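Chemist: Offset between the sequence shown (1-based) and the working numbering: plus 9. A virtual CB, placed ideally from N, CA and C, is assigned to each residue, including glycine. If you're wondering where the values come from, they're calculated on a predicted model, not measured in any experiment.
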Amino acid sequence: MYAVIKTGGKQYRVAKDDVLTIERVSGDAGAKIEFAEVLMVGSDAGVKLGAPLLSGAKVMAELVAHTRGPKVIAFKKRRRKNSRRKKGHRQDLCTVRITGITGA
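#1: Which word fits residue 82, buried or exposed, when buried means at least 16 other C-beta atoms lie within 10 angstroms of its C-beta?
#2: How would you label residue 125, buried or exposed, when you count the other beta carbons within 10 angstroms and need 16 or more for buried?
#3: Return the chain-ordered list of same chain residues with a C-beta closer than 6 Å to the C-beta of residue 30, the five sequence neighbours on each side being excluded.
#4: How about residue 37 and residue 107: are their beta carbons less than 8 Å apart?
#5: Which whole-angstrom value is the C-beta distance of residue 73 and residue 14, which I expect to be below 8 Å?
#6: Quick one: what's got a C-beta closer than 7 Å to residue 45's C-beta in the same chain, skipping five residues either side?
#7: Would you kindly work out how many angstroms separate the C-alpha atoms of residue 87 and residue 94, rounded to a whole number?
Here is the structure:
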């Protein structure tokens, strides 16, 4: 059984025992998380699609750890004008393990 969930403005295809990195969600390591925005659930019996969300479907996960993404440098230089701009960014992420999928 697998599902397509939406979190952090992105969509992920998940199955039981998958470990994935998503945008940061609140909670401590070891906390249980529930994703209610399920777009699709697929199994041996067939596929159930939502329009846009599937009502009654949930994906349960366990928060493994909070991490940070790689540093991204935004650098702009205007030559011969003594002008430059440098800005860095690191995205806050978290690692989750999918523990169960309940379809509608």
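Modeler: By the coordinates alone:
#1: Here the question's residue 82 lines up with position 73 in the sequence shown. Under this definition residue 82 is an exposed residue.
#2: Residue 125 lies beyond the range of the chain shown here (10 to 113); nothing can be said about it.
#3: The count along the sequence shown starts at 1 and reaches residue 30 at position 21. Closer than 6 Å at Cβ, skipping near neighbours: 102 and 104.
#4: Position 28 of the sequence shown, counted from the first residue, corresponds to residue 37. Position 98 of the sequence shown, counted from the first residue, corresponds to residue 107. No.
#5: For the purposes of this step, residue 73 is identified with residue 64 of the sequence shown, where counting begins at 1. For the purposes of this step, residue 14 is identified with residue 5 of the sequence shown, where counting begins at 1. The Cβ separation is near 16 Å, so there is no contact.
#6: Within the sequence shown, numbered from 1, the residue matching residue 45 stands at position 36. Result list for residue 45: 67, in chain order.
#7: Residue 87 sits at position 78 when you count from the first residue of the sequence shown. Residue 94 sits at position 85 when you count from the first residue of the sequence shown. Whole-angstrom Cα-Cα distance: 9 Å.
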